[in-house]
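**Q** Those protein sequence lines, which keep their order, are chains Y and E. Just so you know, we're using the working numbering here: the first sequence kicks off at 183 and counts up by one. Just so you know, we're using the working numbering here: the second sequence kicks off at 600 and counts up by one.
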Amino acid sequence: MTTPVLEIRNLHARIEDREILKGVNLVIPQGEVHAIMGRNGSGKSTLSYVLAGKEDYEITEGEILLNGESILEMEPAERAAAGIFLAFQYPIEIPGVATMTFLKAAINAQRKARGEGELSTPDFMRAVKEAGAQLNVDSAMLKRPLNVGFSGGEKKRAEIMQMALLKPALAVLDETDSGLDIDALQVVSKGVNALRDGKRSMLVITHYQRLLNHIVPDVVHVFSDGRIVESGDKDLALQLEAKGYADYDGQAA
Amino acid sequence: MADYDIPTLKEEIDRETVEQVLALDVDKYKYGFESDIESDVLPPGLTEETVRFISAKKEEPEWMLEWRLDAFRRFQTLEEPTWAKLHYPKIDLQQISFYAAPKSFKGPKSLDEVDPELLKTYAKLGIPLKEQAILAGVEGAAESVSTPFGANVAVDAVFDSVSVVTTFREELAKVGIIFCSISEAVREHPELVKQYLGTVVPVSDNYYATLNSAVFTDGSFVYIPKGVRCPMELSTYFRINEKNTGQFERTLIIADDDSYVSYLEGCTAPSRDENQLHAAVVELVALDNAEIKYSTVQNWYPGDKDGKGGIYNFVTKRGDCRGVNSHISWTQVETGSAITWKYPSCILRGDGSRGEFYSIAISNGYQQVDSGTKMIHLGKNTSSRIISKGIAAGFSDNTYRGQVSAHAKAKNARNFTQCDSLLIGDKCGAHTVPYIESRNGTAVFEHEATTSKISDDQMFYCLQRGLNEEEAVALIVNGFVRDVLQHLPMEFMVETQKLISISLEGSVG
Ligand SMILES: Nc1ncnc2c1ncn2[C@@H]1O[C@H](COP(=O)(O)OP(=O)(O)O)[C@@H](O)[C@H]1O
Ligand SMILES: [Mg+2]
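(1) Measuring alpha carbon to alpha carbon, tell me which residue in E:Val1072, E:Gly1001, E:Arg1013 is nearest Thr542 (chain E).
(2) Checking the sheet assignment: what are the DSSP bridge partners for Asp356 (chain Y)?
(3) Mind checking Met1089 (chain E): buried by the 16 CB within 10 Å criterion, or exposed?
(4) Starting from Lys793 (chain E), follow the alpha helix (DSSP H) in both directions and report where the run begins and ends.
(5) Would the C-beta of Ser894 (chain E) count as close to ligand 2, meaning under 7 angstroms from any of its heavy atoms?
(6) Lys236 (chain Y) touches chain E at which residues, Cβ-Cβ below 7 angstroms?
(7) Thinking C-alpha only, which one of E:Lys973, E:Trp940, E:Ile823 is nearest Leu947 (chain E)?
(8) Taking C-beta to C-beta, are Leu348 (chain Y) and Ile289 (chain Y) nearer than 8 angstroms?
(9) If you draw a straight line from the C-alpha of Leu422 (chain Y) to the C-alpha of Gln1085 (chain E), how long is it?
(10) Identify which residue in Y:Asp238, Y:Lys286, Y:Leu418 has its Cα closest to the Cα of Arg308 (chain Y).
(11) For a cutoff of 8 angstroms on Cβ pairs, would you count Pro186 (chain Y) as touching chain E?
(12) Does chain E have any CB closer than 8 angstroms to the CB of Val279 (chain Y)?
(13) Can you list the residues of chain E that Pro258 (chain Y) reaches, using a CB-CB cut of under 7 angstroms?
(14) Report yes or no: is there a C-beta of chain Y within less than 8 angstroms of the C-beta of Ile1023 (chain E)?
(15) Determine the extent of the alpha helix (DSSP H) in which Cys1061 (chain E) is found, giving its start and end residues.
(16) If the cut-off is 8 angstroms on Cβ atoms, which residues from the stretch 396 to 418 of chain Y count as contacting chain E, listed in chain order?
(17) Please decide whether Val1074 (chain E) counts as near chain Y, where near means a Cβ-Cβ distance under 8 angstroms.
(18) How would you label Glu1104 (chain E), buried or exposed, when you count the other beta carbons within 10 angstroms and need 16 or more for buried?
(19) Looking at ligand 2, does it come within less than 7 angstroms of Glu933 (chain E), judged from the CB to the closest heavy atom?
(20) In angstroms, rounded to a whole number, what distance separates the CA positions of Leu685 (chain E) and Glu357 (chain Y)?
(21) Residues around ligand 1, please: the condition is that the C-beta lies closer than 5 angstroms to some non-hydrogen atom of it.
(22) What does Gly1078 (chain E) reach in chain Y if we use C-beta pairs closer than 7 angstroms?
(23) Going by beta carbon distance, what residues of the same chain come within less than 6 angstroms of Ser958 (chain E), once the five residues before and after it are set aside?
(24) Beta carbon of Asp238 (chain Y): closer than 7 angstroms to some heavy atom of ligand 2?
(25) Less than 7 angstroms separating the Cβ of Gln1063 (chain E) from some heavy atom of ligand 2?
(26) Anyone know if the C-beta pair for Ile397 (chain Y) and Val386 (chain Y) falls short of 8 angstroms?
(27) I'd like to confirm the pairing. Which residues does DSSP put opposite His194 (chain Y) in its beta bridges?
(28) Taking the C-alpha atoms as reference points, what is the distance between Val374 (chain Y) and Phe1091 (chain E)?
(29) What does the alpha-carbon distance come out to for the pair Tyr859 (chain E) and Lys979 (chain E)?
(30) Does the beta carbon of Asp969 (chain E) come closer than 8 angstroms to any beta carbon on chain Y?
(31) From Y:Ile276, Y:Leu355, Y:Glu312, Y:Pro211, pick the residue whose C-alpha is nearest to that of His389 (chain Y); which is it?
(32) Do you know how far the Cα of Lys941 (chain E) is from the Cα of Gly250 (chain Y)?
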């Protein structure tokens, strides 16, 4: 069997004195899209931050393997260069830094970390043009400071555009549907689906089934109180939508 | 479908920033080398003899010596001011040498006669002294650093106490522009110097200005005649090389009616353990409808990471908008010096005149910055605009001190002030001290101030995209100063963006 892109084994993580992740097990083979569904507060965003290496969390037990290698000792920027991308639930504003400038900084920082040369300006422009067209991001938006004064839809489109340009091995999308109307949801989903190329793996986090009509997952996991309590195919999402999360309450205790 | 513009030059530079940020070598004040040049150095100490010596070395006329001696007498009655938020041991003027000149120096020369060691130094600093040398590369420039000035810039280079060479002079002379060292102007254009010297910053203005008036050694002189738009940027590059010397330069720029000039000033000094004093005076005079743009990138040696050494920078810069509808704009990037005491100001005397102050002041390590501006509205319909961006990191202290005042006759005076401070880490301080004074009811002054920190969330977001901590800080700070960066001439923009990241090295992690 080939090595999965992501393997999480019995992961426990805490912030300050509070344990949030309580034994997460998850395997995502190359090219698969997995969804995690769970109530607000169940620890989904925490899982995404821990994957990306945010320093506020303490890993007390368990292991995270990316392409078979532990990433627990890696800095966030190293993990990014190794292929982990997080589309934030709440993208952060960077005042005064044009979106275009930020994109180039990110691409070249990752290329540098991997020992590759910098992208030439024409190559960069070409890549931006391609990704921008797919996601309705025009040059006016690229000149604006990143996420500053962006609408909910613009922020999420900008996130997916970054993902398109950075070409990660594993994309973690945290509540990418939140704050989107149906039109924006379609644009964003289309952008995400265009990046499903049979090699890239994705972890799509949501608490609504709606998104999964647009980005159809290979596997659905139910997340409750800091761990995965059930896994199934895409129909599991539909059942959850009908019945709610009540069945799973207390199960994790 | 979206259309994609060819990126503008500014956008291109934006992107280059990042490229340059990536290319930086770390943890070095790269202008800290010392040049091995034989010098004539006056023994330390300040007496009337010192003043006479300097005046004699410069072959000055009697009236100039008298002017200096008058300043020296006044200086003896003055006390060092203590109102700034700065802490440093008392400066002992008797320990400082007030004159140092490269030994080979015997008055103004053509470039061919300049000591090759000196040229090497300037090459290292990246200054294109000789038009051809810009592209050819001056010998020994292998170690050369980036060029702070573009190719089409006339340069006056001041090394310790003397002006070494001024370029492009003939070309400028054709349109009647005078660009030379102040020493030369005293000899060659006494009528202009007499008419304007000390009229903006009077001899007794303040402790450091009075000291400067007595012992100033060199600096630049510019006169732009009526109706002339200066065809290129003029610039002075200041360099302190000698140990234990002070640098007291004096710059005088006069823009006659309907003229325009853009002037750039850059500064560096070798890394030394001892503190060195720099007390300059810059006077600008803008007559009717004239405009002067004055830009500074100050990168004097800031001291080491423990706060040892560094330049004490006490500078008086003032512009007089003397004519109607005249316009003076100061743009400064302050990244160097152990101590900065500097308030480039505008006297808005002419009706309809305009003053601007755009500032980026970065402090790291144990640097202390007390800087700001004064906008003094005297004429009717005068307006001023202040945008100050202070960035404090490490253990540094960064104070904005500004004064805006309107005289009773300054009907409809307008000011807008925006002061933003950014803190990096929690051991530094940022302070804003605005003084606002209006003696007439028609004046409208607006003041906005913010203090912020680089948030953990912003850092994590950048790190998640692959930037390392220093790259992330440099990017965020470059964004923070963007409003001011845009006011810099192209020559300085790239340099500044690089300097920002160099100055902030070691501020995180
Ligand atoms: N910085 C923090 N300090 C303490 N508790 C936190 C912190 N951040 C999140 N939590 C708690 O962790 C739990 C999981 O939060 P989160 O991962 O954001 O859940 P989800 O994304 O599933 O809504 C919540 O109970 C939340 O209150
Ligand atoms: Mg969440």
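Virtual Cβ for every residue (Gly too), placed ideally from N, Cα, C.
**A** Looking at the coordinates:
(1) The displayed coordinates of chain E run from 600 to 1108. Any statement about residue 542 (chain E) would go beyond what the structure contains.
(2) Y:Ile387
(3) exposed
(4) 789 to 795
(5) no
(6) Phe1059
(7) E:Lys973
(8) yes
(9) 54 angstroms
(10) Y:Lys286
(11) no
(12) yes
(13) Phe1059, Leu1062, Gln1063
(14) no
(15) 1055 to 1063
(16) none
(17) Reading the sequence as shown, one finds Leu at residue 1074 (chain E) and not Val. It does: the Cβ of Leu1074 (chain E) has a partner Cβ on chain Y nearer than 8 angstroms.
(18) buried
(19) no
(20) 50 angstroms
(21) Y:Ile197, Y:Ile202, Y:Asn222, Y:Gly223, Y:Ser224, Y:Gly225, Y:Lys226, Y:Ser227, Y:Thr228
(22) Ile276, Pro277, Gly278, Val279, Pro327
(23) Gln931, Ser987
(24) no
(25) no
(26) yes
(27) Y:Lys204, Y:Glu243
(28) 42 angstroms
(29) 22 angstroms
(30) no
(31) Y:Leu355
(32) 58 angstroms
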